[in-house]
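Enquirer:
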Amino acid sequence: MKKEDYLQEMYKIQCRNNRAARVSELAQILEVSNPSVSEMVRRLEKEKLVTFERFGAISLTALGIKQARRVIRKHQLLEVFFSRILKIKKNVFHKEAHIMEHTLSDAATDKLDAVLKKPKFCPDGNPIPAKNSNVVELASLPAKSRAEVIFVADKNKQSLERLNSLGLVPRAKVRVVRRFRKGPLILKVKGSEIALGPDICASIFVEKK
Amino acid sequence: MNFPKVSPDSATRLCRPQIAIVGNPNTGKSCLFNQLTTMDAIVSNYPGTTVEILKGKTEIGDKLTDVADLPGIYNLGSSSEDERVTAEYVFENKISVIVNVIDAALLERNLYLTLQLLQLQIPVVIALNFYNKLEDKGISVDHKNLSTLLGVPVILIDALKGEGVPLLVNTIKSIVSGAAQFDNSQIIRSIVDDLGKNHTIKTQIAAHRHSQAAVLAEKVVIKGKRKKHFKEFLDKFTTEPLTGGISLILVMGAIFLALFNIGNFLSELMAKGFEMLIMNPLTPLLAMISFVSLHTIVFWGLQGVNAGLQIIVPYIFVFYLMLGVLEDTGYLPRMAYLLDKLMHKMHLHGNAVIPMMLGFGCSVPAVLATRILPNKKDRLLTSILICMIPCSARTAVILGAVGKFVGAGYAMIIYFIVLLLIFVLGQILGKLLPGDSVGLIMEMPQYRLPQFKNIMKKTWMRMKDFIWVAFPLIIAGSCVLGLLKVYGLLDIIVKPFSPVINGWLMLPSIAGITLIYGILRKEMALELLFVLGGSSNLLRFMTPLQIFIFALVVALYFPCIGTFAVLKNEFGWKKSLLISFFTIVLAVTAGGLIARLFTLANLLH
Numbered sequence: 281m282k283k284e285d286y287l288q289e290m291y292k293i294q295c296r297n298n299r300a301a302r303v304s305e306l307a308q309i310l311e312v313s314n315p316s317v318s319e320m321v322r323r324l325e326k327e328k329l330v331t332f333e334r335f336g337a338i339s340l341t342a343l344g345i346k347q348a349r350r351v352i353r354k355h356q357l358l359e360v361f362f363s364r365i366l367k368i369k370k371n372v373f374h375k376e377a378h379i380m381e382h383t384l385s386d387a388a389t390d391k392l393d394a395v396l397k398k399p400k401f402c403p404d405g406n407p408i409p410a411k412n413s414n415v416v417e418l419a420s421l422p423a424k425s426r427a428e429v430i431f432v433a434d435k436n437k438q439s440l441e442r443l444n445s446l447g448l449v450p451r452a453k454v455r456v457v458r459r460f461r462k463g464p465l466i467l468k469v470k471g472s473e474i475a476l477g478p479d480i481c482a483s484i485f486v487e488k489k
Numbered sequence: 004m005n006f007p008k009v010s011p012d013s014a015t016r017l018c019r020p021q022i023a024i025v026g027n028p029n030t031g032k033s034c035l036f037n038q039l040t041t042m043d044a045i046v047s048n049y050p051g052t053t054v055e056i057l058k059g060k061t062e063i064g065d066k067l068t069d070v071a072d073l074p075g076i077y078n079l080g081s082s083s084e085d086e087r088v089t090a091e092y093v094f095e096n097k098i099s100v101i102v103n104v105i106d107a108a109l110l111e112r113n114l115y116l117t118l119q120l121l122q123l124q125i126p127v128v129i130a131l132n133f134y135n136k137l138e139d140k141g142i143s144v145d146h147k148n149l150s151t152l153l154g155v156p157v158i159l160i161d162a163l164k165g166e167g168v169p170l171l172v173n174t175i176k177s178i179v180s181g182a183a184q185f186d187n188s189q190i191i192r193s194i195v196d197d198l199g200k201n202h203t204i205k206t207q208i209a210a211h212r213h214s215q216a217a218v219l220a221e222k223v224v225i226k227g228k229r230k231k232h233f234k235e236f237l238d239k240f241t242t243e244p245l246t247g248g249i250s251l252i253l254v255m256g257a258i259f260l261a262l263f264n265i266g267n268f269l270s271e272l273m274a275k276g277f278e279m280l281i282m283n284p285l286t287p288l289l290a291m292i293s294f295v296s297l298h299t300i301v302f303w304g305l306q307g308v309n310a311g312l313q314i315i316v317p318y319i320f321v322f323y324l325m326l327g328v329l330e331d332t333g334y335l336p337r338m339a340y341l342l343d344k345l346m347h348k349m350h351l352h353g354n355a356v357i358p359m360m361l362g363f364g365c366s367v368p369a370v371l372a373t374r375i376l377p378n379k380k381d382r383l384l385t386s387i388l389i390c391m392i393p394c395s396a397r398t399a400v401i402l403g404a405v406g407k408f409v410g411a412g413y414a415m416i417i418y419f420i421v422l423l424l425i426f427v428l429g430q431i432l433g434k435l436l437p438g439d440s441v442g443l444i445m446e447m448p449q450y451r452l453p454q455f456k457n458i459m460k461k462t463w464m465r466m467k468d469f470i471w472v473a474f475p476l477i478i479a480g481s482c483v484l485g486l487l488k489v490y491g492l493l494d495i496i497v498k499p500f501s502p503v504i505n506g507w508l509m510l511p512s513i514a515g516i517t518l519i520y521g522i523l524r525k526e527m528a529l530e531l532l533f534v535l536g537g538s539s540n541l542l543r544f545m546t547p548l549q550i551f552i553f554a555l556v557v558a559l560y561f562p563c564i565g566t567f568a569v570l571k572n573e574f575g576w577k578k579s580l581l582i583s584f585f586t587i588v589l590a591v592t593a594g595g596l597i598a599r600l601f602t603l604a605n606l607l608h
């Protein structure tokens, strides 16, 4: 299993569930053993691509998210190319894209993007990440900036549930109304203003708009 | 999330109908509850005012109906104690109709819970509150379309004024009697359909429900031009780091000064009034009572009334008025936000600020309010600190003794010492107590103009306790003391405590006995001191230092019997006894040390 596959799968799990990923869950999806997941995760941790905490909760870092999104972008653009231009069937193009995503260069990806007239969605209807998306922790957003939630990586079940029900879910649009330097901030989401502590903000990843 | 299958039971229709008021925090549920039942639930402007289920009755049609006001929730989950309480109630009771109160300005967010409620297969009526406040935001809601889309009745209400409530009652009536049938199968099917495509994982349900709420909101919310409002300026001013900090200090300072000045003024007035209107006319009558015991009882009983009037009315009443303003404007959540960083030093978060602020009023509701905190550790730690926060009764002692007879500066020093002790203790306990802490997640409500009527009502409800419980207690306590004194028994009781009271704390012996009474109610300690000293002027029988130490000890020792009871309920015997024991040790230690420190420094002599 390649490093990029791990990053990609982790990204998908985190977006789908809006929380940190678990070792067992990665092992199941990638069809590898728990120890090999742990080994890879430790490697990724050294490269500062993921954070690994007790109880096996793993989350991508902002850097990890960027790398994962780069691969996903390649994958999805290839899918669009196969389905739209080559008219290849879904179950086939997915496999093709999965192999080619690792070899396609960045320059070729951009060309492909231009040729396809910058598609916004992949054939499955998922949004394709922009080329140079500005992925950061919510904690580092200055006041008055707008962003879109990528996912919440908090490990605490209660805060996750609360954040979910307040509308902090993937692709939710938010705006920092006010903030303290290195302190709490007030976030506008779904029309209401919510105060969030710095530790919570550090676990929410957003794409700055 | 597992939703137990609740089918509309025909049997429930025969027995007494049950209505549950459910909705997001701070949408006006308790206000509607008061309108429906003519009960007196406390209404404020911050999320988490109601932490317990309140039950009342109302007549709908000619049927007696139970109404339950449930703590506000964002979803039927369990992220805090109050949410758990609501979810459990909804799942475990046979509810005939759910009245879902929605803040019209936050429709999309509120609909998230509504969609969950619709799945319960219980008839839902939506009460769209704050509809008339939408103009400020430049939006309007097409409530008829919302009703069509959701397949449930949507009633516009103004919970504060009671507008729309009769229509709401009529709608409930027609549902309970079975006259009106609403078909929401379509929306439920669409929820279930879309879910079928995905794996049934919590978050996906959440994300899906959010997108569905967004689609619904988009269809019914009509956006217009937004007006710039003074409230927005005020909000900005009070939450920007610099101006927010300044305004926080100004607000706290203003409260202290108002309490000090108005309190002292009223206290003087009460003393003079009592002297002129009651004591002077009664003295000749009193002299005619020749039977010693009866004379003692009447005389000391009157002294008790006098002391109570001087303490309870001026300080406690004035404090509750100001707390009411803080609660109703929506400033408390801002304080939570501003103080989050400071609270981190005590291993707590900004959300603990609201219960602690309520603690300046009374520790009992404050300990209950810790239910808004997400975990056990935060709840326990905050409750321990609340026990040390000067509640209004202790404020009455601090201001009525030190503020009045020693000086405002020294009263502030007592607050400073107590708050410093709280801060240091918080830091230590925060480290020692086991458990994880969850960060601040709190909705900031809009500022609202406080309603004079509501504040007066709340103040009266909170004062009632003082009038019906505190006054009889102080009068009885005073009579007992009088009898003990007349028959020379007082010294026998005082004696065993004298090493601590006289020796260590350097207080007069009578202070010891009043401190024991203070266990019942804190303000009683000072009231009985007036009575026992035989004068409303403490300086006649105590030195300024003694007054200072007395107030400090009262502020710190044992959290009073009412608070002990609520601590026992929330945390059990062991922890509450431990807390009480600890505060006594702390009070005695701090009191004696500071008495010596001040003597050495030649302060207050």
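If you read the protein sequences in the order shown, they are chains A and B.
Under the numbering used here, think of the first position of the first sequence as 281, with each following residue one higher.
Under the numbering used here, think of the first position of the second sequence as 4, with each following residue one higher.
Glycine included, C-beta positions come from ideal geometry on N, C-alpha and C.
Quick one: grab the DSSP three-state call for Thr61(B).
Expert: Note: Thr61(B) maps to strand in three-state DSSP.
Enquirer: What does Thr242(B) reach in chain A if we use C-beta pairs closer than 7 Å?
Expert: Correct list: Arg458, Ile466.
Enquirer: With a threshold of 9 Å between beta carbons, is Ala475(A) in contact with chain B?
Expert: By this cut-off, Ala475(A) is an interface position.
Enquirer: By DSSP, does Gln449(B) sit in helix, in strand, or in coil?
Expert: If DSSP states are grouped into helix, strand and coil, Gln449(B) belongs with coil.
Enquirer: Measure the alpha-carbon distance for Thr462(B) versus Tyr323(B) and round it to whole angstroms.
Expert: Whole-angstrom Cα-Cα distance: 6 Å.
Enquirer: Determine whether the beta carbon atoms of Ile225(B) and Asp145(B) lie at a separation below 9 Å.
Expert: Yes, the Cβ-Cβ distance between Ile225(B) and Asp145(B) is below 9 Å.
Enquirer: Can you give me the Cβ contacts of Ile513(B) inside the same chain, cut-off strictly under 6 Å, excluding the 5 residues immediately before and after it?
Expert: Hits under 6 Å: Leu535.
Enquirer: First and last residue of the beta strand (DSSP E) that includes Gln21(B)?
Expert: From DSSP, the beta strand (DSSP E) with Gln21(B) extends over 21-26.
Enquirer: Which two residues bound the contiguous alpha helix (DSSP H) that contains Leu340(A)?
Expert: First-last for Leu340(A): 337-340, but that is the beta strand (DSSP E), not the alpha helix (DSSP H).
Enquirer: So, is the C-beta of Ser445(A) closer than 9 Å to a C-beta in chain B?
Expert: So, interface residue.
Enquirer: Could you tell me which chain B residues have their CB closer than 8 Å to the CB of Val449(A), listed as they occur along the chain?
Expert: Within chain B, the residues near Val449(A) are Thr206, Ala209, Ala210, His213.
Enquirer: Which residues in the same chain as Ala473(B) place their Cβ atom closer than 8 Å to its Cβ, once the five residues preceding and following it in sequence are excluded?
Expert: So the qualifying residues of the chain are Gly311, Ile315, Arg524, Glu526, Met527.
Enquirer: Given a cut-off of 9 Å, decide if Asn103(B) and Gly31(B) are closer than it, judged by their beta-carbon atoms.
Expert: The answer is no: Cβ separation not under 9 Å.
Enquirer: With 16 as the cutoff for other CB atoms within 10 Å, does Thr89(B) come out buried or exposed?
Expert: That one is buried.
Enquirer: Excluding the 5 residues preceding and the 5 following Phe36(B) in the sequence, name in chain order all residues of the same chain whose CB lies nearer than 7 Å to its CB.
Expert: So the list reads Ile24, Met42, Ala44, Leu57, Gly59, Val70, Asp72, once near-sequence residues are dropped.
Enquirer: What separation, rounded to the nearest whole angstrom, lies between the Cα atoms of Val330(A) and Lys435(A)?
Expert: So the alpha carbons of these two residues sit roughly 14 Å apart.
Enquirer: Give me the subset of the segment 425-441 of chain A whose CB atoms are less than 7 Å from a CB atom of chain B, sorted by chain position.
Expert: Residues Asn436, Gln438, Ser439, Glu441.
Enquirer: When you compare the CB of Thr203(B) with every CB in chain A, is at least one pair closer than 9 Å?
Expert: For Thr203(B), the predicted model reports a pLDDT of 40, less than 50, meaning its position is unreliable; a value from the coordinates is still stated below. Chain A, which has no Cβ nearer than 9 Å to the Cβ of Thr203(B), makes this no.
Enquirer: Using a Cβ-Cβ distance under 9 Å, would Arg461(A) count as near chain B?
Expert: Arg461(A) counts as touching chain B.
Enquirer: Mind checking Val588(B): buried by the 16 CB within 10 Å criterion, or exposed?
Expert: With fewer than 16 other Cβ atoms within 10 Å, it is exposed.
Enquirer: With distances taken from CA atoms, which of Gly248(B), Glu330(B), Phe363(B), Ala411(B) is nearest Ile458(B)?
Expert: Closest by alpha carbon: Glu330(B).
Enquirer: Would you check if the segment 442-450 of chain B and the segment 215-230 of chain B touch, i.e. whether three or more CB-CB distances between them fall below 8 Å?
Expert: The segment 215-230 of chain B is not in contact with the segment 442-450 of chain B.
Enquirer: Can you confirm whether the segment 368-381 of chain A touches the segment 302-316 of chain A when touching is taken to mean that 3 or more C-beta pairs between the two stretches lie within less than 8 Å?
Expert: Result no; under three Cβ-Cβ pairs closer than 8 Å.
Enquirer: Using a Cβ-Cβ cutoff of 7 Å, what residues of the segment 68-82 of chain B are near chain A? List them in chain order.
Expert: Answer set for the segment 68-82 of chain B: Tyr77, Asn78, Gly80, Ser82.
Enquirer: Compare the Cα-Cα distances from Val469(A) to each of Arg302(A), Val415(A), Arg451(A), Gly447(A) and report the closest residue.
Expert: Cα-wise, what sits closest to Val469(A) is Gly447(A).
Enquirer: How many whole angstroms separate the CB atoms of Ala107(B) and Leu137(B), which I take to be in contact at a CB cut-off of 8 Å?
Expert: With a Cβ gap of about 6 Å, Ala107(B) and Leu137(B) count as contacting.
Enquirer: What residues in its chain sit with their C-beta under 8 Å from that of Arg212(B), if we drop five residues either side in the sequence?
Expert: Hits under 8 Å: Tyr115, Leu118, Gln119, Ile194.
Enquirer: According to the Cβ coordinates, are Lys489(A) and Ser425(A) closer than 9 Å?
Expert: Yes. Within cutoff.
Enquirer: Can you give me the Cβ contacts of Gly521(B) inside the same chain, cut-off strictly under 7 Å, excluding the 5 residues immediately before and after it?
Expert: Closer than 7 Å at Cβ, skipping near neighbours: Met527, Ala528, Val557.
Enquirer: So the beta strand (DSSP E) Arg442(A) belongs to, where does it begin and stop?
Expert: Element bounds for Arg442(A): not the beta strand (DSSP E) but the alpha helix (DSSP H), 437-446.
Enquirer: In chain B, which residues lie with their C-beta within 7 Å of the C-beta of Gly229(A)?
Expert: It is not possible to answer for residue 229(A), since the shown part of chain A is limited to 281 through 489.
Enquirer: Give the range of the beta strand (DSSP E) segment to which Ile466(A) is assigned.
Expert: Element bounds for Ile466(A): 465-469.
Enquirer: Does the count of Cβ pairs from the segment 409-425 of chain B and the segment 384-400 of chain B closer than 8 Å reach three?
Expert: With the cut-off at 8 Å, the segment 409-425 of chain B and the segment 384-400 of chain B touch.
Enquirer: Just the Cα atoms here: how many angstroms apart are Gln294(A) and Ser304(A)?
Expert: Straight-line Cα distance between these residues: approximately 14 Å.
Enquirer: What does a CB cutoff of less than 7 Å around Trp303(B) pick up in its chain, not counting 5 residues either side in sequence?
Expert: Once the five neighbours on either side are set aside, the close Cβ partners of Trp303(B) are Ser481, Cys482, Leu484, Gly485, Val534.
Enquirer: Please check the pair Gln313(B) and Ala274(B), which I expect to be a contact at CB under 8 Å, by giving their CB distance rounded to whole angstroms.
Expert: Yes, Gln313(B) and Ala274(B) are in contact; Cβ-Cβ is about 6 Å, under 8 Å.
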